[in-house]
Every structure is written in structure tokens, then in C-alpha cells.
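Start counting the sequence shown at 3; every next residue gets the next number (my numbering).
For every residue, glycine included, the Cβ atom is placed at its ideal position computed from N, Cα and C.
Note that the structure is a prediction, hence the values are computed from the model and not measured.
Below is one structure, written out as C-alpha cells; the observations come after it.
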Amino acid sequence: MAEAGFDKRFDWHPYALMVADTVVGFAMIGALNTEERYIWLDRLMLDAQYQHHGWGGTFLELLKAFIMTNWPVDTIVLSYERENTEAERFYFHHGFRDLHRVDDNNGEKMAVFGK
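Following this line, the structure appears as C-alpha cells:
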């Protein structure tokens, strides 16, 4: 969340997933590219206690719909650590596909949802 408050270059928008009164997930949306019509979904995370119960998938589906409704984009991009095959399966299960690129900033694999 600190990154969203201090790094103004990418106009990050932080969002929390709440279960009752408890924050169980977090994500940031930003780094909009209006020319190529994509935006980044970044820092998607879920408290370990809430993983493997469907909350992450629900959060991701809500975020995808929210992004496509509120930003002028055709695609959503994200990145994840190369060795994190569980994250890759999760993202691919939710409609993302391999972009066959790595993020220049951190060397992570990139995936895309949309066109």
C-alpha cells in the first residue's frame, strides 16, 4: 500500500478484499497504457489462512470485471515469479495466458487477460 501512496508515476489504485471486518486480500491496479489499451494488475495477494477456499478466484474475477468496466483497456497484464507454478496455474485457470515476455523491472514472467 505504501507504494500506491508514494509512487505517483503509475497512478496506482489499491483495493482490499474484505471478509466481514477482516482484510484478507490486496491488489493494485495502475500503470495504464492508453495507447496500447492495457493496465497492470499488481501485488495480488491473499492471506494464507484464506487461500485454497475460493476467495482468491472470487477476488480476481471481481477485479477483472471492475477493471474492464472502469478503465479504457482491452487487456490486463500481470507478472509473477518464474518458479511460482501455483500462481501460473491460478492465473491461467482464470483466463490469463502466457505473454511470452518477462517484466524488464524484475525478470518475472508476464501474463495477459483479454484480446
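query                                                                                                                                                                    : result
Measuring only the C-alpha atoms, how far is Met70 from Tyr17?                                                                                                           : 15 Å
Quick one: residues in its chain with C-beta nearer than 8 Å to the C-beta of His15, no 5 flanking neighbours on either side, listed in chain order?                     : Ala6, Met30, Ile31, Gly32
Can you list, in chain order, the residues of its chain with a C-beta nearer than 6 Å to that of Leu46? Leave out the 5 residues immediately preceding and following it. : Ala29
Please identify the residue among Gly116, Asp44, Leu48 whose C-alpha is closest to the C-alpha of Val21.                                                                 : Leu48
When you compare each of His55, Arg103, Arg84, Phe115 to Tyr93 by their alpha carbons, which one comes out closest?                                                      : Phe115
Can you tell me the Cα-Cα spacing of Gly27 and Trp57, whole angstroms?                                                                                                   : 9 Å
Between Leu101, Asn107, Leu62, which lies nearest to Lys117 when the distance is taken from Cα to Cα?                                                                    : Leu101
Just tell me which of Glu38, Leu19, Phe12 has its CA closest to the CA of Val75.                                                                                         : Glu38
Measure from the alpha carbon of Val79 to the alpha carbon of each residue in Arg11, Val104, Gln53, then state which is nearest.                                         : Val104
Between the alpha carbons of Glu85 and Lys10, how many angstroms are there, rounded?                                                                                     : 30 Å
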